[in-house]
Amino acid sequence: MLRICLIVGLLVGTDRVGAHPTSPNDAIRAPIIAELRIQSDGMRLELEIADDETEAFADLLTANPQGKLREFCERKWIIEDDDDNPFLADRVEVTRRAKVARDPITGQPMGILGGKQPMVNVITLHYPLRERLPQITLTPPRRNDGTIPPIGLVVVHETVPVNDFDFFAYRETVRLDWNDPWYSRVRSPRLKRYYETPVGVFVYVDAREIQIEVIVRLQALLAATPIASNPLPGAGDVVSMDRSQLQRLLADRLAGNLPVTMDGRTVIPQLDQFQWLRLSLSRLDLLDATAPLQRETDLIGAIFVAPFDRTPKEFQLRWNLFGETISKVKGVVNNAAVPSTLTPDQPELRWQNPNPPGASDVTELPAVILPPTWSLPVPTLICAVLLLRWAVRRPQPEQRTRHWIRLGIVLLVGILLVPFGRVAIRDPWTPPTPITDADAAAIIRERLLDVYHAFDFRSEEAIYDTLARSVSGDLLRQTYLEIKRTLDNQTQGARARVKALDLLSATATPLPDGVGFQARCRWSVRVAMNHWGHTHERTNQYDAELMVRPIDGEWKLVGLKILDEIIPEPPAPPPLPPGAVPAPAARSRENLP
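In our numbering, the protein residues as written are 255 to 847.
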């Protein structure tokens with residue numbers, strides 16, 4: 255079963271629910287990590303400083319940091335109000351500890367890993383706030399030569415992250431929305447949060463279905479739902495209504511306000527997944543079933559699917575849930591670089607099939623050429639043996655007539671039975687036609703793709719029928735059961751799709767009976783998992799022996815033995831040069847609303 259698990263695991267191994275970057279974030283590797291938390295009664299700035307980047311913080315890394323605190327706040331790390339007056343910290347704490355490990359993509363703290371992490375200097379400053387200011391301005395410190403050291407920064411207002419973890423290399427203004435911290439923003443687009451709008455609709459047109467992912471802030475959806483007119487039970491920001499009841503209400507509310515048309519035909523998408531999510535720094539976390547819901551930071555993720563037999567020429571989705579808390583919706587189809595913005599005046603998200611009508615990627619496989627055979631009529635051969643046996647006998651004179659009658663009957667029966675009971679045997683003198691490595695590669699590639707594309711279907715019958723076209727014997731049953739088991743165990747909602755399969759090498763050897771071939775192959779598979787508005791991609795490489803036979807006129811896999819599985823490590827980004835001012839981290843969607 256391991257031979258199947260390795261292939262199936264590539265497709266359905268779940269990734270964590272992460273933020274939009276899919277490669278390591280250089281800001282996480284910065285020698286200085288800054289986390290600024292803004293509350294109604296004060297601000298808390300925690301700085302984690304590597305030993306080789308202490309120059310800009312030397313005033314506080316002394317035996318008496320309190321004596322240099324005012325100068326540091328006015329000339330080094332400057333936080334100003336809207337009148338350009340610097341805030342003065344009233345308390346500073348300086349310690350040493352192991353560096354906090356952070357997720358290499360999102361920046362989410364993973365805890366202190368002790369000896370596995372280097373020791374760093376930690377400076378924590380506390381700033382009092384006497385009023386709720388509309389904005390603050392941050393200025394990074396400089397070294398003695400005037401350069402800005404590499405700093406990774408995240409700002410959190412109340413409990414809501416204002417920006418995704420990124421480099422802090424310029425003077426930045428943070429606009430604070432005290433009525434709803436969700437809308438607090440860094441003015442510059444260099445530091446922004448991916449999940450900014452309260453609603454995002456992400457559409458993926460796959461091989462067999464259209465998948466619609468909807469991410470909605472809980473507070474916004476509650477306000478746009480009739481149940482919001484009756485205050486939900488709960489203290490403060492916590493929603494304590496029965497979770498399953500609330501889920502049904504919200505799911506029905508979404509389903510009834512997402513009309514979809516394909517090629518002019520109205521389609522009702524079916525709810526496939528419903529998940530409770532929480533915004534945490536630069537990613538979405540799945541909520542535990544027992545965790546209380548919070549209007550401010552929690553979201554719901556709903557996945558709807560609309561299957562089809564043929565890829566539509568056009569697709570249209572209309573968002574009907576606009577109101578005071580939902581004035582615009584971000585819409586993205588197939589990871590488009592520039593998203594659409596849906597508004598009450600333009601509520602429709604459209605997609606046109608870029609492929610011309612009738613376009614097909616069907617590959618013609620080499621014809622099945624069976625080895626030369628002899629077709630032997632078994633009943634006739636039996637009659638021939640009997641005929642020869644009786645023909646050599648010498649009957650008595652009085653039995654000759656009966657003897658010849660018997661021989662004639664056997665001969666006649668043998669002739670009449672020539673079309674019946676025929677058995678094909680291989681021609682022992684004619685060698686089978688060898689299959690070329692190129693033909694073997696074409697056959698294997700298509701059959702492997704068929705196995706992977708079984709995941710494009712949701713019904714068990716469709717999965718089995720797809721596999722049966724490419725796999726036979728015990729391998730068919732094992733593959734089907736493993737796919738079914740793994741799909742049944744999916745919890746994250748992400749469905750993997752094969753984007754590319756490259757057959758790197760294939761060396762074919764005819765089977766001893768001349769019917770089919772065995773091949774030593776290496777191939778790589780690139781798989782994309784679209785989930786909550788972003789894409790995770792990974793590529794695995796396999797080394798395997800496959801057995802292929804012609805069955806019912808079609809080439810089919812009948813044996814598979816995985817010899818090796820290679821998961822390439824992503825190349826590490828080069829280290830930041832000393833004294834360099836890092837550029838802001840690149841984004842895949844720089845102009846998101």
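Each residue gets a CB set at the ideal place from its N, CA and C atoms; glycine is no exception.
Can you find at least 3 beta carbon pairs, one from the segment 712 to 729 and one from the segment 802 to 819, that sit closer than 8 Å? yes
Please determine, among V632, R776, P688, the residue with the shortest C-alpha to C-alpha distance to P673. V632
Can you say whether Q529 is buried or exposed, counting buried as having 16 or more other CB atoms within 10 angstroms of its CB? buried
Tell me which same chain residues have a C-beta within less than 6 Å of the C-beta of R270, skipping the five on either side of it? Annotation note: pLDDT 38 at R270 (below 50); position unreliable, coordinate value reported separately. So the list is empty, once near-sequence residues are dropped.
So, helix, strand or coil for V374, using DSSP? DSSP, reduced to helix, strand and coil, places V374 within a strand of the structure shown.
Please list, in chain order, all residues of the same chain as L342 whose beta carbon is under 7 Å from its beta carbon, the five residues on each side excluded. R324, C327
On the three-state DSSP scale, how would you describe E450? Of the three classes helix, strand and coil, the one that applies to E450 here is coil, per DSSP.
Determine the burial state of Q499: buried for a count of at least 16 other Cβ atoms within 10 Å of its Cβ, exposed for fewer. exposed
For S778, which of helix, strand or coil comes out of DSSP? strand
For T597, I'd like the list of residues in its chain whose CB is within less than 6 Å of its CB, leaving aside the five on either flank, ordered along the chain. K582
According to DSSP, which residues form a beta bridge with P513? Paired residues: none, contrary to the question.
Sort P593, H380, L533, I464 by Cα distance to K567 and report the nearest one. Among P593, H380, L533, I464, the Cα nearest to that of K567 belongs to I464.
Compare the beta carbon distance of F419 and I286 with 9 Å and say whether it is the shorter of the two. no
For the alpha helix (DSSP H) that contains T605, what are its first and last residues? A small correction: the amino acid at residue 605 is Trp; Thr does not occupy that position in the sequence shown. No alpha helix (DSSP H) contains W605, which is instead part of the beta strand (DSSP E) from 602 to 606.
Kindly indicate which three-state DSSP category I333 falls into: helix, strand or coil? strand
Specify, as a first and last residue, the run of the alpha helix (DSSP H) that R660 falls within. R660 -> alpha helix (DSSP H) spans 654 to 670.
Are the segment 445 to 452 and the segment 507 to 514 in contact at 8 Å, needing three or more beta carbon pairs? Cβ pair count under 8 Å is below three, so no.
Secondary structure at K322, three-state DSSP: helix, strand or coil? helix
Report, in whole angstroms, the separation of the C-beta atoms of V414 and P382, which I expect to be a contact under 8 Å. Incorrect: roughly 21 Å between the Cβ atoms, too far for contact.
Give the list of continuous beta strand (DSSP E) stretches no shorter than 3 residues that lie fully inside the segment 420 to 468. 426 to 429, 453 to 459
Our contact map puts R429 next to P388 with C-beta atoms below 8 Å; I'd like the distance itself, whole angstroms only. The C-beta distance from R429 to P388 rounds to 7 Å, short enough to meet the 8 Å contact threshold.
Could you tell me which of G296, A284, I580 sits nearest to P403, measuring between CA atoms? A284
Could you check if P608 is buried or exposed, using at least 16 other CB atoms within 10 Å of its CB as the buried criterion? Per the 10 Å Cβ criterion, exposed.
Thinking C-beta only, is G668 closer than 9 Å to A638? yes
Verify whether the separation of the beta carbon atoms of E289 and I377 is less than 9 Å. no
Using a Cβ distance threshold of 8 Å, determine whether the segment 533 to 549 contacts the segment 568 to 575, with at least three qualifying pairs required. no
Tell me whether T520 is buried or exposed, calling it buried when 16 or more other Cβ atoms sit within 10 Å of its Cβ. exposed
Specify the secondary structure class of Q732 as computed by DSSP and reduced to three states. helix
Measure from the alpha carbon of D517 to the alpha carbon of each residue in F562, W331, A590, then state which is nearest. F562
Residue burial classification, H411 (beta-carbon count within 10 angstroms, cutoff 16): buried
Cα-Cα separation between L665 and I679, rounded to whole angstroms: 24 Å
Helix, strand or coil for I679 per DSSP? strand
Own chain residues within Cβ distance below 8 Å of L314, not counting five before or after: K322, L323, F326, V346, V348, I377
Mind reading off the beta-carbon distance from W605 to V457? Whole number of angstroms is fine, and I expect it under 8 Å. 7 Å
Between V586, A645, T763, which lies nearest to A695 when the distance is taken from Cα to Cα? T763
Cβ-based neighbour list, D305, same chain, cut-off 6 Å, excluding 5 preceding and 5 following: none
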